[in-house]
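In our numbering, the protein residues as written are 261 to 435.
Quick reminder that beta carbons are idealized off the backbone N, C-alpha and C, glycines included.
Accompanying notes for the structure given below.
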């Protein structure tokens, strides 16, 4: 029972693809359109065959474009930054597919407790703080201890706290 397709299928068989295709959430497009980030070597015929063979989706038309990235001063993972060395990150290829049937994204969940979002957010915050300490100008910025020292000094100046030398609290009793 073969149904008539509006296009001819490719003959290249792919059993375990060695590439990644990312479906993007694009709320401004109608439901019959889907946008994907694809490898640079994937063409329109490949994505059309892939969607039909893997998901059973008939693609009516495919539009593709290559998005160039901005030129940067140096590679982002360079150990020693070199001045006047330019680097352009790899381009991103996006394809917009018009489908025969509409696809509607599921609603975003209200409760993220199943995915442990609080722990993920705390780890991201700690990672950003660690990265800020590794920046070249980190020693010129005030540290977090400076705020606590300023608060303690304010309490001493207002008289709400009395200063007591530390060696009296920690020292061993004299005989």
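What separation, rounded to the nearest whole angstrom, lies between the Cα atoms of residue 269 and residue 284? 25 Å
Mind listing, in chain order, the continuous beta strand (DSSP E) runs of no fewer than 3 residues lying wholly within the segment 322 to 409? 352 to 359
With distances taken from CA atoms, which of 287, 341, 282, 390 is nearest residue 404? 390
Run of the alpha helix (DSSP H) containing residue 276, from where it starts to where it stops: First-last for residue 276: undefined, no H or E at that position.
Would you say the segment 349 to 368 touches the segment 322 to 331, given that touching needs at least three Cβ pairs under 8 Å? yes
In terms of alpha-carbon separation, which member of 315, 293, 288, 280 lies closest to residue 301? 280
Are the Cβ atoms of residue 282 and residue 296 separated by less than 8 Å? yes
What span of residues does the beta strand (DSSP E) with residue 297 cover, start to end? 293 to 298
Which residue wins for smallest C-alpha separation from residue 310, given the options 278, 291, 335, 384? 278
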